[in-house]
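A.B. asks: Numbering (full-length UniProt numbering), first residue to last: 1 to 412.
Glycine included, every Cβ here is placed at the ideal spot set by N, Cα and C.
Okay, here's the structure, questions in a sec.
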């Protein structure tokens, strides 16, 4: 009995809470274990560890056979062709993402049913094109069969969910950047006018936050740039089209089909050989020799839009960093000027001390208990004459020293 309780407790601990948001905007909180999630999404355990908030994984967007793993800052989600799974929906930092997914996916119109992807009827004497891709409607035209990029064409579910995740990540980073700017610029201006320990400490904390946010934004930008540079990774993220292709490709296989490859297959094989001599990055269902190569224009435009946005955020941080550096340079110049003034004053004081020491030495000579004609002279006012001469000579030597310093450039 105790072992049963321990087994149930262990299963409850291993199962985490996930918010499942469907394409219609419906959502529910489920307790899904790691192995259940692996069977549900087809993801390996390595990809699921990237979604663990306790582990520090770099920002990444990974396209797999049946799911897309999104790990961008606070955005952690598993996107399939029919639903989005978000871990820890009760976390205050995750709840806004779930609400945004529900609102956006519910507001988006349902995608129009795709045309039947079955191969067109063959003419007399033509062989069955086993496994051939369905004809793709041309982009543009009258807008009925296909819409031009950037028009009102409804994106697949995985792209709409990915857009919400990208927008949430970019918006959160941009908000942090704006908040930092609102605090940084007044603090830097205050430091420029009043260099104090308190202002220096404020600027030091702001600079630390600036470095941290810049690193996070740079990671997201690098990941988007990596995706835009890799067509294979973008092709792997077409989940709905991949499922439709696999279904059609499986239905089009017949036992009496001709084993000779069709013209399309020969053409695709030639393209693959030209690109690299192998079909790496292609997706087949294991029963056909064709290669799944979807059009990546829509996804590329989507990623480029958010790449521009995150690049603008990075430019804001770069501008703020330059302002911080300029302020530091200005403060250093001010401190150097103060230090130069102190050094000049030290030179003047040292010279004055030297001259006065010489005058004291002369006075000491006169104060010695020796017999000289000056002491026996009966002329009145000799003391004041000698004292005035010593003071005048001291002042003259001091002024000559300052004049020499100015001519040599030591003093300004």
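Specify the secondary structure class of residue 106 as computed by DSSP and reduced to three states.
C.D. replies: Helix.
A.B. asks: When the Cα atoms are used, what is the spatial distance from residue 332 to residue 155?
C.D. replies: If you take the alpha carbons of residue 332 and residue 155, they lie about 54 Å apart.
A.B. asks: Measuring straight from C-alpha to C-alpha, what distance separates residue 54 and residue 103?
C.D. replies: Near 28 Å, if we compare the C-alpha coordinates of residue 103 and residue 54.
A.B. asks: Just to confirm the assignment, what range does the alpha helix (DSSP H) spanning residue 61 have?
C.D. replies: That residue, residue 61, is in no alpha helix (DSSP H); its beta strand (DSSP E) goes 60-63.
A.B. asks: Does the Cβ-Cβ distance between residue 158 and residue 239 come in under 8 Å?
C.D. replies: Yes. Within cutoff.
A.B. asks: Suppose the cutoff is 7 Å on Cβ atoms and the five residues either side in sequence are ignored; what does the same chain contact list for residue 164 look like?
C.D. replies: So the list reads 100, 101, 104, once near-sequence residues are dropped.
A.B. asks: Comparing alpha-carbon positions, which option in 293, 65, 87, 75 lies nearest residue 81?
C.D. replies: Nearest C-alpha to residue 81: 65.
A.B. asks: Counting only the same chain and skipping the five closest in sequence on each side, list residues whose C-beta sits under 6 Å from that of residue 72.
C.D. replies: Hits under 6 Å: 59, 169, 220.
A.B. asks: Given a threshold of 16 other Cβ atoms within 10 Å of its Cβ, counted over all protein chains shown, does residue 214 qualify as buried or as exposed?
C.D. replies: Result: buried.
A.B. asks: Using 10 angstroms around the beta-carbon of residue 160, count the other beta-carbons present and answer buried if the total reaches 16, otherwise exposed.
C.D. replies: Buried, since its Cβ has 16 or more Cβ neighbours within 10 Å.
A.B. asks: With residue 340 as the anchor, note down where its alpha helix (DSSP H) starts and where it stops.
C.D. replies: From DSSP, the alpha helix (DSSP H) with residue 340 extends over 297-366.
A.B. asks: Just how far apart, CA to CA, sit residue 343 and residue 405?
C.D. replies: So the two alpha carbons sit approximately 13 Å from each other.
A.B. asks: Judging by CA-CA distance, which residue of 390, 348, 396 is the nearest neighbour of residue 364?
C.D. replies: Nearest option by C-alpha distance: 390.
A.B. asks: Smallest Cα separation from residue 211: which of 340, 306, 176, 372?
C.D. replies: Ranking the options by Cα distance to residue 211, first place goes to 176.
A.B. asks: With burial defined as no fewer than 16 other Cβ atoms inside 10 Å of the residue's Cβ, what is the status of residue 235: buried or exposed?
C.D. replies: Looking at its Cβ environment, which holds 16 or more other Cβ atoms inside 10 Å, residue 235 is buried.
A.B. asks: If we count the other Cβ atoms within 10 Å of its Cβ and call it buried at 16 or more, is residue 76 buried or exposed?
C.D. replies: Per the 10 Å Cβ criterion, buried.
A.B. asks: Just confirm the distance between the C-beta atoms of residue 307 and residue 225, as a whole number of angstroms; I'd bet it's less than 8 Å.
C.D. replies: With a Cβ gap of about 7 Å, residue 307 and residue 225 count as contacting.
A.B. asks: To the nearest angstrom, report how far apart residue 85 and residue 216 are at their CA atoms.
C.D. replies: Approximately 23 Å, taken between the alpha carbons.
A.B. asks: In the DSSP assignment, find the unbroken beta strand (DSSP E) run with residue 196 in it and report its ends.
C.D. replies: Looking at the DSSP string, residue 196 is not in any beta strand (DSSP E), and its letter there is neither H nor E.
A.B. asks: Once the 5 residues before and after residue 93 are set aside, which same chain residues still bring their CB inside 6 Å of it?
C.D. replies: These residues qualify, in order along the chain: 74.
A.B. asks: Between the Cα of residue 67 and those of 305, 243, 314, spot the shortest distance and give me the residue it belongs to.
C.D. replies: With distances taken between Cα atoms, residue 67 lies closest to 243.
A.B. asks: Can you tell me which of the three DSSP states residue 16 falls into?
C.D. replies: Residue 16: strand per DSSP, three-state reduction.
A.B. asks: I need the straight-line Cα distance from residue 324 to residue 188, nearest angstrom please.
C.D. replies: Distance between the alpha carbons of residue 324 and residue 188 is about 7 Å.
A.B. asks: I think residue 70 touches residue 162, with their Cβ atoms under 8 Å apart; what is that distance to the nearest whole Å?
C.D. replies: At roughly 7 Å, the Cβ-Cβ gap stays under 8 Å, so residue 70 and residue 162 are in contact.
A.B. asks: Comparing alpha-carbon positions, which option in 45, 48, 203 lies nearest residue 328?
C.D. replies: Looking at the Cα atoms, 203 is the closest of the given residues.
A.B. asks: What residue from 346, 387, 339, 350 has the CA that sits closest to residue 362's CA?
C.D. replies: Among 346, 387, 339, 350, the Cα nearest to that of residue 362 belongs to 387.
A.B. asks: First and last residue of the beta strand (DSSP E) that includes residue 79?
C.D. replies: Where residue 79 is concerned, the enclosing beta strand (DSSP E) stretches over 75-79.
A.B. asks: Enumerate in chain order the residues of its own chain whose CB-to-CB distance from residue 303 is below 6 Å, with the five nearest sequence positions on each side excluded.
C.D. replies: Cβ within range, chain order: 224, 227, 228.
A.B. asks: From 368, 366, 336, 351, pick the residue whose C-alpha is nearest to that of residue 195; which is it?
C.D. replies: Nearest C-alpha to residue 195: 336.
A.B. asks: Measure how close the beta-carbons of residue 206 and residue 183 come, nearest whole angstrom, since I'm counting them as under 8 Å.
C.D. replies: Right, their Cβ atoms sit about 6 Å apart.
A.B. asks: Rounded to the nearest angstrom, what separates residue 410 and residue 402 at their Cα positions?
C.D. replies: Roughly 9 Å separates the two Cα atoms.
A.B. asks: For residue 384, does the count of other Cβ atoms within 10 angstroms reach 16, so buried, or fall short, so exposed?
C.D. replies: Flag for residue 384 reads exposed.
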